[in-house]
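Residue numbers (the working numbering): -16 to 449.
Let me begin by presenting the structure, written as structure tokens, before commenting on it.
Here's what the structure looks like:
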């Protein structure tokens, strides 16, 4: 079997997981579309450069970002794909991981603290103690990501995958819309939520504003479909995260990025307004009434978050130094009623369709691990911000393409910061992975050779006249 055939097989295998978490027809459409992009855009050259462990990581990364919850919970509880992939990658990169770098030390410390809490509470709460400790244990993704993205080619591969993400998310979005309009799909969330996820669509929206060398205007036109796609999910935290990301990009970006923000910002608003008008005539849902309700501070979702934060903070005040611990629910809400005591396990609360986690991962970490651990956690998550000024100063000496890659990662980090403040992010594998992924990529960004000035070497040549 030739090397070219083996590489083609690797590309096909890369797309097979679609059939495990998507509908058969949609999975087939996306697999064909992705293969066409891989070969037409010459993305195959990146597959050729990957060794087996890098290939395994990018396989997991691609589908975790694309499939989110549907992919993350493939398996048998409590053993899902994340634990399997993470375990294999830790073994594969063991030699690198044992050489602890100074920039990564804080993440090892965070993981050790999580393991310590797991050990202390495991005998009382069993798997529930492990479940809660993953808020810190998943931080081990940072050293793994740091070592995976050791070269510039791996960043180029990640951003080349953006083309596939853009097209396939548009395919999934249009597929959902067609199914709904044909009556084959039920609209379940306030009349207009599509099941296309929201982490990757949000990242695609951010990419619209940046001058990527390899993402042409055709892809950006398709990417505009993600504006109404993100809107239909209507997480206010998404909008706040996108706004913060765009503002940061505008501040530290160059003139080209700022012009793009104005140009594509106006285009996005046009697309969104057109979508609202069209959708409101096709589906009997008063979107504008929903917007009015969702924008009110008296809306139930906002009230729920405020009340849940208060309940969690009460537990924090009671266990100020060493924390509330892991393994038992820190709160219990059922049918919009909050109970002062929690006598149920996570699984019992889940079976009742109740809520056991506050929609604020930072408060959850603070409450469970105490005020002594929390500053270490904050340093770990904000460490990539300490070098923003350094990278901003280097933008004049490097290509706009390289700096655009950095800007998108910073914008994506801002988005994840906001999501973690208003949602359950660090507690589960599907949203904690992109959170730790972008931190690891930013920490390794300069080391991998990105934003390195290109010097032209001039050699002196002696000429002899005859």
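Glycine included, every Cβ here is placed at the ideal spot set by N, Cα and C.
All values derive from a computational prediction rather than experimental measurement.
Per-residue DSSP class, three states only, for residue 332: If you number the chain shown from 1, residue 332 lands on position 349. Correct three-state label for residue 332: helix.
I need the boundaries of the alpha helix (DSSP H) containing residue 391, first residue and last residue. Along the chain shown, one-based indexing puts residue 391 at 408. 383 to 405 is the extent of the alpha helix (DSSP H) around residue 391.
Relative to the C-alpha of residue 122, which candidate in 166, 13, 365 and 373 has its C-alpha closest? Locating residue 122 in the chain shown gives position 139, counting from the first residue. Of the listed residues, the one whose Cα sits closest to residue 122 is 365.
Pull up the distance between the alpha-carbon of residue 311 and that of residue 19, whole angstroms please. Working through the chain shown from its first residue, we reach residue 311 at position 328. Working through the chain shown from its first residue, we reach residue 19 at position 36. Going by the C-alpha atoms only, they are around 48 angstroms apart.
Pick out whichever of 249, 235 and 166 has its Cα sitting closest to the Cα of residue 375. Here the question's residue 375 lines up with position 392 in the chain shown. Answer by Cα proximity: 235.
Beta-carbon gap between residue 64 and residue 58 smaller than 8 angstroms: As a first step, residue 64 must be located in the chain shown, where it is residue number 81. As a first step, residue 58 must be located in the chain shown, where it is residue number 75. Closer than 8 angstroms, so yes.
DSSP beta-bridge partners for residue 59? Start at 1 with the first residue of the chain shown, and residue 59 comes out as number 76. 62, per the DSSP bridge assignment.
What does the Cβ neighbour count give for residue 253, buried or exposed, with the cut at 16 atoms within 10 Å? For the purposes of this step, residue 253 is taken as residue 270 along the chain shown, with counting starting at 1. Exposed.
Spatial distance of residue 291 from residue 347 (CA atoms): Residue 291 sits at position 308 when you count from the first residue of the chain shown. Residue 347 sits at position 364 when you count from the first residue of the chain shown. So the alpha carbons of these two residues sit roughly 10 angstroms apart.
Using 8 angstroms for Cβ pairs, my map puts residue 43 next to residue 68. What's the rounded Cβ distance? Start at 1 with the first residue of the chain shown, and residue 43 comes out as number 60. Start at 1 with the first residue of the chain shown, and residue 68 comes out as number 85. That belief holds up - the Cβ atoms of residue 43 and residue 68 are roughly 4 angstroms apart, short of 8 angstroms.
So, do the segment 351 to 367 and the segment 412 to 425 have three or more beta carbon pairs nearer to each other than 8 angstroms? yes
Run through the DSSP bridge pairs and tell me what residue 456 is partnered with. The question about residue 456 has no answer here: the residues shown for the chain are numbered -16 through 449.
Host alpha helix (DSSP H) of residue 415 (start-end): Within the chain shown, residue 415 is the residue found at index 432, counting from 1. Its alpha helix (DSSP H) spans residues 412 to 426.
Under the rule that 16 or more other beta-carbon atoms within 10 Å means buried, what is residue 172, buried or exposed? What you label residue 172 is simply residue 189 of the chain shown in a count that begins at 1. Unreliable placement is indicated for residue 172, whose pLDDT of 49 sits below 50; the coordinate value is still reported in the next sentence. Exposed, because fewer than 16 other Cβ atoms sit within 10 Å of the Cβ of residue 172.
Name the DSSP beta bridge partners of residue 321, please? In the chain shown, counting from the first residue as 1, residue 321 sits at position 338. Beta-bridge pairing links residue 321 to 316.
Tell me whether residue 447 sits in a helix, a strand or coil according to DSSP, three-state version. Reading the chain shown from its first residue, position 464 is the one you call residue 447. Low confidence applies here, because residue 447 scores a pLDDT of 48, under 50, leaving its location unreliable; read the following figure in that light. It is coil, neither helix nor strand.
DSSP on residue 431, reduced to helix/strand/coil? Within the chain shown, numbered from 1, the residue matching residue 431 stands at position 448. The three-state secondary structure of residue 431, taken from DSSP, is coil.
From residue 83 to residue 259, what does the alpha carbon distance come to, in whole angstroms? Locating residue 83 in the chain shown gives position 100, counting from the first residue. Locating residue 259 in the chain shown gives position 276, counting from the first residue. Roughly 52 angstroms between the two C-alpha positions.
If you reduce the DSSP assignment to three classes, tell me which class residue 37 lands in. If you number the chain shown from 1, residue 37 lands on position 54. The answer is helix: DSSP assigns residue 37 an H, G or I state.
Taking Cβ positions, are residue 478 and residue 402 nearer each other than 8 angstroms? Past the boundaries of the shown model lies residue 478; the chain is included only from -16 to 449, so the question cannot be answered.
Mark residue 319 as exposed unless 16 or more other C-beta atoms lie within 10 angstroms of its C-beta, in which case mark it buried. Reading the chain shown from its first residue, position 336 is the one you call residue 319. Result: exposed.
Near residue 6, which residues of its chain fall below 7 angstroms by C-beta distance, leaving aside the five closest residues on each side in sequence? Taking the chain shown and counting its residues from 1, one reaches residue 6 at position 23. Counting only Cβ-Cβ distances below 7 angstroms, and skipping sequence neighbours, we find nothing.
Between the alpha carbons of residue 149 and residue 227, how many angstroms are there, rounded? As a working mapping, residue 149 is identified with position 166 in the chain shown. As a working mapping, residue 227 is identified with position 244 in the chain shown. Whole-angstrom Cα-Cα distance: 22 angstroms.
Spatially closest choice to residue 238 from 251, 192, 255 and 208, by CA coordinates: Numbered from 1 along the chain shown, position 255 holds the residue referred to as residue 238. When each option's Cα is compared against that of residue 238, the closest is 192.
For residue 92, which residues in the same chain have their Cβ closer than 7 angstroms to its Cβ, ignoring the five residues on either side in sequence? Locating residue 92 in the chain shown gives position 109, where the first residue counts as 1. Around residue 92: 359.
Going by Cα to Cα distance, which pick from 341, 418 and 72 is closest to residue 298? Counting from one through the chain shown, the residue named residue 298 turns up at place 315. Ranking the options by Cα distance to residue 298, first place goes to 341.
At the level of alpha carbons, what is the spacing between residue 415 and residue 408? Numbered from its first residue, the chain shown carries residue 415 at position 432. Numbered from its first residue, the chain shown carries residue 408 at position 425. The alpha-carbon atoms of residue 415 and residue 408 are separated by roughly 5 angstroms.
Cβ distance (whole Å) where residue 17 is taken to contact residue -2 below 8 angstroms: Taking the first residue of the chain shown as 1, we reach residue 17 at position 34. Taking the first residue of the chain shown as 1, we reach residue -2 at position 15. Contact holds; Cβ gap of about 5 angstroms.
Taking only three categories from DSSP, how would you classify residue 409? Translated into positions along the chain shown, residue 409 becomes position 426. Residue 409: coil per DSSP, three-state reduction.
Would you call residue 439 buried or exposed, if buried means 16 or more other Cβ atoms sit within 10 Å of its Cβ? Position 456 of the chain shown, counted from the start, is the residue given in the question as residue 439. Any reading at residue 439 needs caution, since the residue's pLDDT is 38, under 50, leaving its predicted position unreliable; the model's value is listed next. Residue environment for residue 439: exposed (fewer than 16 other C-beta atoms within 10 angstroms of its C-beta).
If you drop the 5 nearest sequence neighbours on each side, which residues of the same chain put their C-beta closer than 7 angstroms to that of residue 383? Counting from one through the chain shown, the residue named residue 383 turns up at place 400. Counting only Cβ-Cβ distances below 7 angstroms, and skipping sequence neighbours, we find 194, 237 and 239.
Would you call the CB atoms of residue 313 and residue 351 closer than 8 angstroms? For the purposes of this step, residue 313 is identified with residue 330 of the chain shown, where counting begins at 1. For the purposes of this step, residue 351 is identified with residue 368 of the chain shown, where counting begins at 1. Contact flag set, yes.
So, does the segment 112 to 131 touch the segment 426 to 433, judging by three or more C-beta pairs under 8 angstroms? yes
Mind reading off the beta-carbon distance from residue 187 to residue 206? Whole number of angstroms is fine, and I expect it under 8 angstroms. Translated into positions along the chain shown, residue 187 becomes position 204. Translated into positions along the chain shown, residue 206 becomes position 223. The pair is a contact, with the Cβ atoms about 5 angstroms apart (cut-off 8 angstroms).
Through-space distance from residue 114 to residue 51, alpha-carbon basis: Taking the first residue of the chain shown as position 1, residue 51 is located at position 68. Taking the first residue of the chain shown as position 1, residue 114 is located at position 131. Straight-line Cα distance between these residues: approximately 18 angstroms.
Suppose the cutoff is 8 angstroms on Cβ atoms and the five residues either side in sequence are ignored; what does the same chain contact list for residue 334 look like? Counting from one through the chain shown, the residue named residue 334 turns up at place 351. Nothing meets the Cβ criterion.
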